[in-house]
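A.B. asks: Per the working numbering, the very first residue in the sequence shown carries number 12; after that it's consecutive. Virtual Cβ for every residue (Gly too), placed ideally from N, Cα, C. As the structure is a prediction and not an experimental result, all values here were calculated from the model.
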Amino acid sequence: MYFVFPENCRDLVFRTTRLFDGKRLINYVILAAEVKDKQFCAALCFMENNCFSYNTKTRVINGKLKCELNNATHEGHENDLLDDPDYFYCAAEMIPVYCHMDNNGLGENRECNGGGWTLVMKTDGTKMTFHYDSQLWSNNESFNAHDGTTGFDTLETKLPTYWSTPFSKICLGMKINTQLNFISIDRPSNSLHALVADGQYRNITLDRDKWKKLVGSQASLQHNCNKDGFNVFSTNFGLSRTRIGILGNNEDHCRSCDSRIGFGAGGGPDNSNTCGNEVRYGGDNGDKHLKTMGYILVQ
């Protein structure tokens, strides 16, 4: 069970491997409460910033369970973890995740305003890890989670925040050489997984020039189509598609798009460009083949 608050970047997981029947941690209780279900005890622990484990009484009294929140776990306090058949004990595990807390925001013009941006993914456009067809877009499995704390580097990662973190805004970033560019999208959702995993197209309707800001002065798109959003694809098989981004075409329809700016991309003109800008045939800034690092954060 995962809990995430983007506001303070607190990310906890309660695993069954850290749940002990017939055990109770003593001497570290900071709050006692009555709850209707043991999962409410885990939620209370998450909302209490100093809570790192909890005890729950197994016997229901008047429809409620006794819940005790602890400001420590049993690690290093093994002598305080006692046998008690009336309780079970669960210790949280902190999940490392990069959070941008600078209130000045992200981007040269602070496109992603304020602090509290929580990292979801880092994708390398030169690799096939996050290709449009990758199962990492549809499943609830992390990828290289240990690289989720290293900031805006070249280490790919997919964090539990992909499926567990509700948000109101998305911050998208691309890095070309050493230049980092960001744009923000107002799009509330229970998670990014909820917007992407089922493969259904969902529009965003950003201005095409805003998408081009991700790439900077080198950006190029064909003039027509301009279909953007989540799970964006050409009608004709094998042509441009992207999990998050925009498509362009030299013809006045979206059936045969030859250009894109996006994350989780695939298809022609170059199926190996999985994040960045790909253009052939009449781009407004010429043909392009720019593979970038991509960063996805939520707030």
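1) I'd like the list of long-range same chain contacts for Asn155, defined as Cβ closer than 8 angstroms, with 5 residues on each side in sequence excluded.
2) Note the first and the last residue of the continuous beta strand (DSSP E) segment covering Leu30.
3) By Cβ distance below 6 angstroms, which residues in the same chain neighbour Val290 in space, the five residues on each side in sequence not counted?
4) So, Tyr100 versus Arg26, is the Cβ gap smaller than 8 angstroms?
5) If I'm right that Asp239 touches Gly227 with Cβ under 8 angstroms, what's the distance once you round it to whole angstroms?
6) Assign Gln211 to one of three DSSP states: helix, strand, or coil.
7) If you compare alpha carbons, which of Tyr109, Val108, Cys123 is closest to Asn115?
8) Just checking, does the segment 156-163 make contact with the segment 240-259 on the three C-beta pairs under 8 angstroms criterion?
9) Can you say whether Glu79 is buried or exposed, counting buried as having 16 or more other CB atoms within 10 angstroms of its CB?
10) Please name the residue, chosen from Glu86, Asn150, Asp32, that lies closest to Asp95 on a Cα-to-Cα basis.
11) As a quick exercise: from Cys286, Gly87, Asp48, His204, pick the residue whose alpha carbon is nearest that of Ile187.
12) Just reading off the beta strand (DSSP E) that Asp365 is part of, what are its end residues?
13) Given that a residue counts as buried once 16 or more other Cβ atoms are within 10 Å of its Cβ, and exposed if not, what is Tyr212?
14) Under a three-way DSSP split, which group does Gly227 fall into?
15) Taking DSSP as the reference, what is the three-state secondary structure of Ser175?
16) With a threshold of 16 other CB atoms inside 10 Å of the CB of Ile41, please say whether the residue is buried or exposed.
17) Please confirm if the segment 134-147 is in contact with the segment 64-71, defined as three or more CB-CB distances below 8 angstroms between the two stretches.
18) Looking at C-alpha atoms only, which residue of Leu93, Ser145, Gly126 is the closest neighbour of Ile181?
19) Which one of Met105, Leu225, Thr129, Leu206 has the shortest CA to CA distance from Asn242?
20) Could you tell me the alpha carbon to alpha carbon distance between Phe193 and Asp91, rounded to whole angstroms?
21) Looking at Gly305: is its Cβ nearer than 8 angstroms to the Cβ of Phe274?
22) Kindly indicate which three-state DSSP category His88 falls into: helix, strand or coil?
23) From the DSSP output, in three-state form, read off Leu93 for me.
24) So the alpha helix (DSSP H) Cys56 belongs to, where does it begin and stop?
25) Quick one: complete beta strand (DSSP E) runs, 3+ long, within the segment 132-194?
26) For the beta strand (DSSP E) containing Val309, list its first residue and its last residue.
27) For Ile215 and Ile196, what's the separation of their Cα atoms in angstroms?
28) From what residue to what residue does the beta strand (DSSP E) around Lys77 run?
29) What's the call for Thr176, buried or exposed, on a 16-neighbour Cβ count within 10 Å?
C.D. replies: Straight from the coordinates:
1) The sequence position of residue 155 within the sequence shown is 144, counting from 1. Hits under 8 angstroms: Leu166, Glu167, Thr168, Lys169.
2) Looking up residue 30 in the sequence shown gives position 19. Residues 30-36.
3) The residue you call residue 290 lines up with position 279 of the sequence shown. Answer for Val290: Ser231, Ser270, Asp298, Lys299, listed in chain order.
4) On the sequence shown, residue 100 is found 89 positions in, with the first residue counted as 1. On the sequence shown, residue 26 is found 15 positions in, with the first residue counted as 1. No.
5) Here residue 239 is taken as the residue at index 228 of the sequence shown, counted from 1. Here residue 227 is taken as the residue at index 216 of the sequence shown, counted from 1. Actually they do not touch by this definition, with Cβ atoms about 18 angstroms apart.
6) Here residue 211 refers to the residue found at position 200 of the sequence shown. Look at Gln211 here: in three-state DSSP terms it is coil, with no helix or strand label.
7) Taking the sequence shown and counting its residues from 1, one reaches residue 115 at position 104. When only C-alpha atoms are compared, the closest one is Cys123.
8) A contact is defined here as three or more CB-CB pairs under 8 angstroms, and the segment 156-163 fails this definition with respect to the segment 240-259.
9) On the sequence shown, position 68 is the one that residue 79 refers to. Buried: at least 16 other Cβ atoms inside 10 Å.
10) Taking the sequence shown and counting its residues from 1, the one referred to as residue 95 is at position 84. The option with the nearest alpha carbon to Asp95 is Asp32.
11) Here the question's residue 187 lines up with position 176 in the sequence shown. The shortest C-alpha separation from Ile187 is found at Cys286.
12) It is not possible to answer for residue 365, since the shown part of the chain is limited to 12 through 310.
13) The residue given as residue 212 occupies position 201 in the sequence shown. With fewer than 16 other Cβ atoms inside 10 Å of its own Cβ, Tyr212 counts as exposed.
14) Translated into the one-based positions of the sequence shown, residue 227 becomes position 216. Gly227 falls in the helix class under three-state DSSP.
15) To locate residue 175, count along the sequence shown from 1; it is residue 164. When secondary structure is reduced to three states using DSSP, Ser175 falls in the helix class.
16) Sequence index remark: in the sequence shown, residue 41 carries index 30 (1-based). It counts as exposed.
17) These segments do not touch.
18) For the purposes of this step, residue 181 is taken as the residue at position 170 of the sequence shown. For the residues Leu93, Ser145, Gly126, the minimum Cα distance to Ile181 belongs to Gly126.
19) Here residue 242 refers to the residue found at position 231 of the sequence shown. Comparing Cα-Cα distances from Asn242 to each of Met105, Leu225, Thr129, Leu206, the minimum goes to Leu206.
20) Start at 1 with the first residue of the sequence shown, and residue 193 comes out as number 182. Start at 1 with the first residue of the sequence shown, and residue 91 comes out as number 80. Each residue's CA atom was taken as its position, placing Phe193 and Asp91 some 49 angstroms apart.
21) One-based indexing of the sequence shown puts residue 305 at position 294. One-based indexing of the sequence shown puts residue 274 at position 263. Yes, these two residues count as a Cβ contact at 8 angstroms.
22) Counting from one through the sequence shown, the residue named residue 88 turns up at place 77. Of the three classes helix, strand and coil, the one that applies to His88 here is coil, per DSSP.
23) Your numbering for residue 93 matches position 82 in the sequence shown. Residue state, collapsed to three classes: strand.
24) Taking the sequence shown and counting its residues from 1, the one referred to as residue 56 is at position 45. Cys56 -> alpha helix (DSSP H) spans 49-58.
25) If we require 3 residues or more, the beta strand (DSSP E) runs fully inside the segment 132-194 come out as 178-187.
26) Residue mapping note: residue 309 aligns to position 298 of the sequence shown, counting from 1. The continuous beta strand (DSSP E) containing Val309 extends over residues 304-309.
27) As a position in the sequence shown, residue 215 is number 204, starting the count at 1. As a position in the sequence shown, residue 196 is number 185, starting the count at 1. Taken atom to atom, the span from the alpha-carbon of Ile215 to that of Ile196 is near 8 angstroms.
28) Position 66 of the sequence shown, counted from the first residue, corresponds to residue 77. Per DSSP, Lys77 belongs to the beta strand (DSSP E) from 76-81.
29) Your numbering for residue 176 matches position 165 in the sequence shown. Under the 10 Å beta carbon count, Thr176 is surrounded by 16 or more other beta carbons and is classified as buried.
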